[in-house]
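What follows is a set of notes on a single structure, which appears directly below.
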Amino acid sequence: MALTKPNQQLRRDLKEAAALLKWSGVDLFVFAKRLLAAGDEQGANDLMKIALSFQETEDKLAGYADEVSDQRITRAKPE
Numbered sequence: 584m585a586l587t588k589p590n591q592q593l594r595r596d597l598k599e600a601a602a603l604l605k606w607s608g609v610d611l612f613v614f615a616k617r618l619l620a621a622g623d624e625q626g627a628n629d630l631m632k633i634a635l636s637f638q639e640t641e642d643k644l645a646g647y648a649d650e651v652s653d654q655r656i657t658r659a660k661p662e
């Protein structure tokens, strides 16, 4: 059974949010490497922790998008 328009949009939104987190995490890793090269190990470690949390959240959002595709999560009509 095909996804409804609202569920298609929900899936797209979840995938888009996951992609934004992915690239934000990549940018943070790059900046963390620069901080490390400049001698700011603590700052680099802090950014790495944030980037890793972005990656974990990205994985969750991608999983939710898959659940929408499998119709285990659906968008209900507003009441």
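Add 583 to a position in the sequence shown, counting from 1, and you land on the number used in my numbering.
Beta carbons are placed, not taken as given, at the ideal position from N, Cα and C, and that holds for glycine.
Bear in mind the structure is a predicted one, so any value in this text is a computation, not a measurement.
- Counted as a single uninterrupted DSSP element, the stretch harbouring Pro661 is not any alpha helix (DSSP H), since DSSP gives it neither H nor E.
- Ala648 places its beta carbon 8 Å or farther from that of Phe612.
- Counting only the Cα atoms, Gly622 lies some 26 Å from Lys605.
- Contact between Leu597 and Val651 holds: CB atoms are separated by about 7 Å, below the 8 Å threshold.
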